[in-house]
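Asker: Numbering (mature numbering (1 follows the signal peptide of the UniProt record, and there is no 0)), first residue to last: -26 to -1, 1 to 167. Every residue, glycine too, gets a C-beta built ideally from N, C-alpha and C. All values reported here derive from a predicted model rather than from experimental measurement. Dropping the structure in here first, questions after.
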């Protein structure tokens, strides 16, 4: 019985001496997070409005005769107007038309469809922009960011689309669609004092 009372007294003594040391610690710094959420980021104002078509050229199936062959690179731009000041971007939302293994757009043509052909998107510097799910940072994988200097300014985001062969291509039509979004400019500025 004396051993258990002694253990309890020692435990309380240890706890009592530890509490003042916790409260005596001084703060070494503070992190401040600042941000801004706006009600309007940008308006997609590409000719034809927010919905538009990119027409790739007709190419011979012989140019797409092997896995990873590409053809018909076609430039297009997403024009943003009435933008908020700061960083803005667009990203292509993954969905039912996307091959989630490759990040490319599947051919959605129902009749007379080309076989073994997908459409891939490239950024302004010709890098492949896979359309991936938001997990694993996928939304960022196909984003291109630009800086808008002044409230109300415009921005152009330049892209390319091209045919991509998953195997030797067969002749036919190619069609696919994808939804685009633009990112809200949110930033944080950590500072230590």
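At what residue ranges does the stretch 53 to 119 contain a whole run of the alpha helix (DSSP H), taking only runs of 4 or more?
Answerer: Entirely contained in the stretch 53 to 119, the alpha helix (DSSP H) runs reaching 4 residues are, in chain order, 112 to 115.
Asker: When the Cα atoms are used, what is the spatial distance from residue 38 to residue 55?
Answerer: Rounded to whole angstroms, residue 38 to residue 55 spans 37 Å at the Cα level.
Asker: Is it true that the stretch 67 to 80 meets the stretch 117 to 134, where meeting means three or more beta-carbon pairs spaced less than 8 Å apart?
Answerer: Flag = no, the stretch 67 to 80 and the stretch 117 to 134 do not touch.
Asker: Starting from residue 132, trace the beta strand (DSSP E) both ways and give me its first and last residue.
Answerer: Residues 129 to 144.
Asker: DSSP state of residue 17, grouped into three classes?
Answerer: If DSSP states are grouped into helix, strand and coil, residue 17 belongs with the strands.
Asker: If you drop the 5 nearest sequence neighbours on each side, which residues of the same chain put their C-beta closer than 7 Å to that of residue -5?
Answerer: Annotation note: pLDDT 47 at residue -5 (below 50); position unreliable, no value reported.
Asker: Using only alpha-carbon positions, find the residue among 149, 92 and 57 that is nearest to residue 40.
Answerer: Nearest C-alpha to residue 40: 92.
Asker: Suppose the cutoff is 8 Å on Cβ atoms and the five residues either side in sequence are ignored; what does the same chain contact list for residue 96 look like?
Answerer: Excluding positions up to five away in sequence, the list reads 47, 102, 103, 133, 134, 135 and 136.
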